[in-house]
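One structure is given here, and the rest of the page talks about it.
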Amino acid sequence: MTKEEIVSKLPYADPFLFVDQITEVSQKHIKGHYTFDETSDFYRGHFVNFPVTPGVILLECMMQIGLVSLGIYLLRDKSFDLRGNSTVAMVENEARFYKPVFPNEKVTVVSDLEYFRFHKLKSKVKMLNADNELVCSGIFSGILKPGDE
Amino acid sequence: MSQDIYPQLKEIIKPYLPEDVNPDAISHESHLVTDLNINSTHLVDIVLDVEDAFDITIEDDELDKMETVKASIALIEQKLAAR
Chain A
1 MTKEEIVSKL
11 PYADPFLFVD
21 QITEVSQKHI
31 KGHYTFDETS
41 DFYRGHFVNF
51 PVTPGVILLE
61 CMMQIGLVSL
71 GIYLLRDKSF
81 DLRGNSTVAM
91 VENEARFYKP
101 VFPNEKVTVV
111 SDLEYFRFHK
121 LKSKVKMLNA
131 DNELVCSGIF
141 SGILKPGDE
Chain B
1 MSQDIYPQLK
11 EIIKPYLPED
21 VNPDAISHES
31 HLVTDLNINS
41 THLVDIVLDV
51 EDAFDITIED
61 DELDKMETVK
71 ASIALIEQKL
81 AAR
């Protein structure tokens with residue numbers, strides 16, 4: 001499965017797709033990036049007169065690259081179709097924020113798999129900004145279930 | 001044998017109990033999901049902790065053999081005996 005195919009299989013679309021490109025992927029690891037567009041609607045309200053990317057959106061971006069994209073890759077030989085009858089759900093995130101992310105900033109997400117068993121994918125996920133500074137790190141887990149099970 | 005497994009299993013389960021479930025509620029007959037309100041993802045954590053604690057491997061299709069405390073002990077005993 002190519003890196004482009006992973007992105008095309010994500011179950012998200014504008015305005016809630018937070019993956020531009022996957023740049024590295026293996027059985028244990030994934031890396032990808034996203035640039036936050038200054039015209040995104042949430043900047044109008046977060047915050048008034050001071051646009052900063054909301055933490056929940058950063059978590060979502062980390063989840064989409066670090067968990068869901070990795071899961072799509074790991075389940076490439078199964079009938080795992082998140083636009084069909086397969087399911088995905090976030091179950092845990094234990095995150096710490098270090099730096100704000102402003103409009104038009106490019107972030108890189110790196111995820112290292114802890115385990116993927118009994119449909120539960122748990123991973124150590126980090127987000128870095130363009131200067132390679134740590135923005136957020138945490139342990140995330142989610143349930144990814146192919147439709148035929 | 002099960003006398004040894006039970007207290008150990010109880011200690012493994014405890015941290016995954018929801019706040020409103022008292023650890024004293026754990027008994028041999030407890031169903032992990034319906035009686036103890038443990039969610040399915042924590043069930044996975046319990047299985048992984050059990051694997052580490054007893055140095056056994058539980059296969060993906062054996063998760064449903066760990067629905068109750070009693071059934072879990074039976075599965076652990078079976079795995080230990082087969083080692």
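Protein chains in written order, with full-length UniProt numbering: chain A, 1 to 149; chain B, 1 to 83.
Cβ coordinates follow ideal geometry from the N, Cα and C atoms, glycine included.
Against arginine 76 of chain A, chain B offers no close residue; the least beta-carbon distance is about 18 Å (beta-carbon pairs closer than 7 Å). The region 7-18 of chain B makes contact with the region 28-46 of chain B: 3 or more CB pairs, one atom from each, lie closer than 8 Å. In this chain, aspartate 49 of chain B is not harboured by any beta strand (DSSP E); it is covered by the alpha helix (DSSP H) spanning 40-54.
Our two residues, isoleucine 72 of chain A and isoleucine 143 of chain A, have alpha carbons roughly 12 Å apart in a direct line. A contact between stretches requires three or more CB pairs, one per stretch, nearer than 8 Å, and the region 59-74 of chain B meets this requirement with the region 23-40 of chain B. Residues of chain A whose Cβ lies closer than 7 Å to the Cβ of valine 44 of chain B are, in chain order, Arg117, Phe118 and Lys120. Secondary structure note for methionine 62 of chain A: its alpha helix (DSSP H) is the uninterrupted segment 55-63. When secondary structure is reduced to three states using DSSP, lysine 126 of chain A falls in the strand class.
For the pair glutamine 64 of chain A and glycine 55 of chain A, the Cα-to-Cα distance works out to about 14 Å. Residue environment: valine 48 of chain A is assigned as exposed (fewer than 16 neighbouring CB atoms within 10 Å of its CB, all protein chains considered). Around the C-beta of phenylalanine 118 of chain A, 16 or more other C-beta atoms lie within 10 Å, and the residue is accordingly described as buried.
Contact between the region 15-26 of chain A and the region 80-97 of chain A is absent: fewer than 3 CB-CB pairs across the two stretches fall below 8 Å. The contact set of leucine 63 of chain B on chain A, defined by CB atoms closer than 8 Å, consists of Phe118 in chain order. If you check each beta-carbon in the region 78-100 of chain A against every beta-carbon of chain B, the ones closer than 8 Å belong to Val91 and Glu92. In terms of beta-carbon proximity, asparagine 39 of chain B lines the interface with chain A, with at least one pair separated by less than 9 Å.
In the three-state reduction of the DSSP assignment, glutamine 27 of chain A falls in the coil class, being assigned neither a helical nor a strand state. Partner residues in a beta bridge of lysine 65 of chain B, as assigned by DSSP, do not exist. In the three-state DSSP reduction, arginine 44 of chain A falls in the helix class (H, G or I). Taking every protein chain shown into account, the CB of tyrosine 34 of chain A has 16 or more other CB atoms within 10 angstroms, so this residue is buried.
The alpha-carbon separation between serine 137 of chain A and glutamate 60 of chain A amounts to approximately 13 Å.
Around serine 123 of chain A, the same chain offers Gly66, Leu67, Leu70, Ser111, Asp112, Leu113, Glu114, Ile139, Phe140 and Ser141 as residues with beta carbons nearer than 8 Å, after the five sequence neighbours per side are excluded.
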